[in-house]
Structures are given as C-alpha cells and as structure tokens.
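Novice:
In the numbering used here, the protein residues as written are 10 to 311.
1) Who are the near neighbours of residue 227 in its chain, counting only those whose CB is closer than 6 Å to its CB and skipping five residues on each side?
2) In angstroms, rounded to a whole number, what distance separates the CA positions of residue 89 and residue 215?
3) If you follow the alpha helix (DSSP H) that residue 237 is in, where does it begin and where does it stop?
4) Just how far apart, CA to CA, sit residue 310 and residue 101?
5) Check residue 62 in the structure and name its three-state DSSP category.
6) Give a yes or no on whether the C-beta atoms belonging to residue 68 and residue 27 are separated by under 8 Å.
7) For residue 308, does the count of other Cβ atoms within 10 angstroms reach 16, so buried, or fall short, so exposed?
8) Mapping DSSP to helix, strand and coil, what is residue 172?
9) What is the rounded straight-line gap between the Cα of residue 236 and the Cα of residue 13?
10) Within the 8 Å Cβ cut-off, does residue 85 reach chain D?
11) Only counting the same chain, and skipping five residues up and downstream in sequence, which positions put a Cβ closer than 8 Å to that of residue 284?
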C-alpha cells in the first residue's frame, strides 16, 4: 500500500489536514470522505488515481481529526463546500480538477458541483445520489421509493437529536456493521473511530445532519448563497456509483438520478457491494472512475 503524503491548510475557521498521492502540478483529484469514515478510506483509490496522472488530495473534513474543530462551530453544507473551494485554491488546482465523494463526501461534492461548477471538470458520487435527486424523493412521484428508504435512514433522526453524541460510539459501530454486511472493514472502522475519537468530534459529525434541518446550526451567514444552491442540480458531468446491496441508501433511491444530472452523466450499480462500495469492490470502482474521468479529458496537459 502506497504511503500518502500529508498537507495542512490553515484557514480562518478551520485547519484542514489532508492525505496526498501523486505529483503536484498534475491535474488535481479531490477525494472527500463520508460519515463515520476518514480520509484513509481512499488509501486504495488515491494511489490508483495518482498512478494515472492525478495529484490526489484527500482532506479530513472539518471536525474529523486530525483536522481541527471549526472555530465558528459551523458544520453546514455551505461551510463544507467552502472548505473544498479553499483546498482547491490552496493546492493550485485549475479547471482540469475532478471531485470524488463518498456518503457525506458525495453530498459535499454534489453541492460543490452545483455552486461552483467552474472549478471541476467532472464529479463522482459514491453511495449517494445528487442532493437534488434526494430532495425529489419527497414529491408524489417518488412516494413508494421514499417509503422504502425512510426506514433505512432512521439514524439521521437519532444523530439530529441534541446531545445524541453521548451515545455516539455505539451508534457508529452499529452503522459500520449494518451498512456493508459481510464485508471486513475493521481497519477502516478503526480509522473512522480515531477521526471521531471524543465527544466533541462526534458532536461535530452529527452537526452535519443537524444543520441540514435546523437553521440554528448554520452559524456562518457568509455561506447563504452556497446553502441555497446546494440542493439544486449539479452542473458538471457526474458519475453515480451505487452498491447493489447497500442497506443505507437503497439502490432504488438513485434510479431517477440522471433526471437531475447534466449531459454526459452516468449511473452504475456495482454488484456485490454495500454502502462502502469503494472499499468492498475497489477494482471495479477504480475502473469505473478511471474510465469516466478519461472521457473528455484534455489530450495535453499544459
């Protein structure tokens, strides 16, 4: 396994740590982890993309150690997108950059592709459809799908309850076990536990969910525009990868995703994979990502 490099970015509200693979100056691939995971989730995908000519940067998102807690206590989607934009600028990325996100990282990637399409050439969402497609589940057209999905999303209500971080570690352990049944992910679960190693870290991760529903958790008014755009359709070509046996976000919840994605987008259901699709079927996922990112790529890198 390739040992990653490390970077630290000091911004006004947060100090972001990131893992890196590949050579600075190559087109940037920003990889964004989800909940309750960490940037170490990319330790197979990251080197594979670096071997294909990308400078891979995988930040620990705000609140996940070794990244700091947010000084403004803002964990809204607007703040999370702003962090990705800051990292993009900090590493000298340009419009050749690509964005890959899993779970909450997919939500961040979807929102970034809506609010800042000028920054990235293509996006890949793993396990979560674009946020606009999730929003559409609450329309009459998708009542049956929503009825199937809601029981799988029970944990969102739990983590959105104030002070639920007191029970957080047991909940997190349960989610790893249920979301990818039969998969041996103990090592990655350990990395995730280290990133959320105390009550303050768990509270930060849970506040991602709380800020979606409750405006009291959106502390920074400077992110109002991004917050407004986050749940609109992404504006760059996007690949959606879903595990066929995912017990968190059912495969059916993404069936209408292409209705909310621009031309050139694709949706692929990966067999024999649960919620952590990229960990359970890494070769298949890497193949799909590499093939998709190769489409429309610049023939020459200036």
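Using N, Cα and C, we set each Cβ at its ideal position, and we do this for glycine too.
Quantities reported herein were computed from a predicted structural model and do not represent experimental measurements.
Specialist: Walking through what the data contain:
1) Residue numbering aside, residue 227 sits at position 218 when the chain shown is read from its first letter. Beyond the five residues adjoining it in sequence on each side, residue 227 comes within less than 6 Å, by CB distance, of 85 and 220 in the same chain, given in chain order.
2) Translated into positions along the chain shown, residue 89 becomes position 80. Translated into positions along the chain shown, residue 215 becomes position 206. Their Cα atoms are separated by approximately 14 Å.
3) Residue numbering aside, residue 237 sits at position 228 when the chain shown is read from its first letter. From DSSP, the alpha helix (DSSP H) with residue 237 extends over 233-238.
4) As a position in the chain shown, residue 310 is number 301, starting the count at 1. As a position in the chain shown, residue 101 is number 92, starting the count at 1. Residue confidence is low: residue 310 scores 39 on pLDDT, short of 50, so the model does not pin down where it sits. No coordinate-derived value is stated.
5) Counting from 1 along the chain shown, the entry for residue 62 is found at position 53. It is coil, neither helix nor strand.
6) Along the chain shown, read from residue 1 onward, the residue named residue 68 stands at position 59. Along the chain shown, read from residue 1 onward, the residue named residue 27 stands at position 18. In this structure, residue 27 lies closer than 8 Å to residue 68 by Cβ.
7) Indexing the chain shown from 1 puts residue 308 at position 299. Here the model assigns residue 308 a pLDDT of 46, short of 50, so the residue's position is not dependable, and the following value carries that caveat. Classification of residue 308: exposed, given that the 10 Å Cβ count is below 16.
8) Looking up residue 172 in the chain shown gives position 163. Correct three-state label for residue 172: coil.
9) As a first step, residue 236 must be located in the chain shown, where it is residue number 227. As a first step, residue 13 must be located in the chain shown, where it is residue number 4. Approximately 32 Å between the Cα atoms of the pair.
10) Any reference to chain D falls outside this structure, which holds one protein chain only.
11) Residue numbering aside, residue 284 sits at position 275 when the chain shown is read from its first letter. 112, 136, 188, 189, 252, 255, 256, 257 and 258.
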